[in-house]
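K.L.:
Dropping a structure here in C-alpha cells format, bear with me for questions.
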Amino acid sequence: MTDFQEALYTTLRRIPPGRVINYGRLALVAGYPGYARAVGSALHALDERYPAVPWWRVINQAGRISTNCPVHTALEQRSRLEAEGVQFNEQGSINWQRHGWLENEAV
DNA sequence: AGTTTGACGCTCC
DNA sequence: CGGAGCGCCAAAC
C-alpha cells in the first residue's frame, strides 16, 4: 500500500452516501494534485480486500461512469449510486451541483 | 530500463 | 454536445 493509495482511500472514505467526486478532485483533496489518471490505477487495485472503500462514488469530470473493470462494472457502479439517491439524466451523467461532494461538508 | 496502456482532465475545434 | 490532441502518473509489459 503506497502513501498515495492510503491518502486516496482515506479521503474516499470521508465521502458520504449519495455524494460523488471526480478522479482529479479526489487526487487534489488527497494531496496529490495532477494525479487524476493515477487514481484510476489505484482504484483498479481495489478488490475484496478493501470493502470499506466506496470506489463507486468516483466518476469522471463529465459526470459519467468510467470504469471498464470486470470486477467493478459500470452497471454495478450505477446501481450502487442510484441506491444512494444519485440520479442520472438521459445522457447517463449526474449533476455536480446536486450530487457533488463538498470537502467542508459535515460527515 | 524503455515503452505502452489506461476507472483522467483540460483545451480546442 | 462530441471528438481529437496533449499532458499527466502509476502499472503493466
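Take the first sequence: its position 5, counting from 1, is numbered -2 in the numbering used here, and each next residue is one higher. We treat Cβ as the ideally placed atom computed from N, Cα and C, and that holds for glycine. Values in this document were obtained by computation on a predicted structure and should not be read as measured data.
Assuming G33 is part of the alpha helix (DSSP H), what are its boundary residues?
P.N.:
Residues A29 to H37.
K.L.:
Name the two residues that bound the continuous alpha helix (DSSP H) containing E60.
P.N.:
Here the sequence assigns Thr to residue 60, which means Glu is not the residue at that position. Note, T60: premise wrong, no alpha helix (DSSP H); not H, not E.
K.L.:
Alpha carbon to alpha carbon, how far is G27 from A35?
P.N.:
If you take the alpha carbons of G27 and A35, they lie about 14 Å apart.
K.L.:
Got a sec: does the ligand MG put a non-hydrogen atom nearer than 7 Å to the Cβ of S86?
P.N.:
Looking for the ligand MG in the displayed structure turns up nothing, as the structure carries no ligands at all.
K.L.:
Measure the alpha-carbon distance for I14 versus W94 and round it to whole angstroms.
P.N.:
So the alpha carbons of these two residues sit roughly 6 Å apart.
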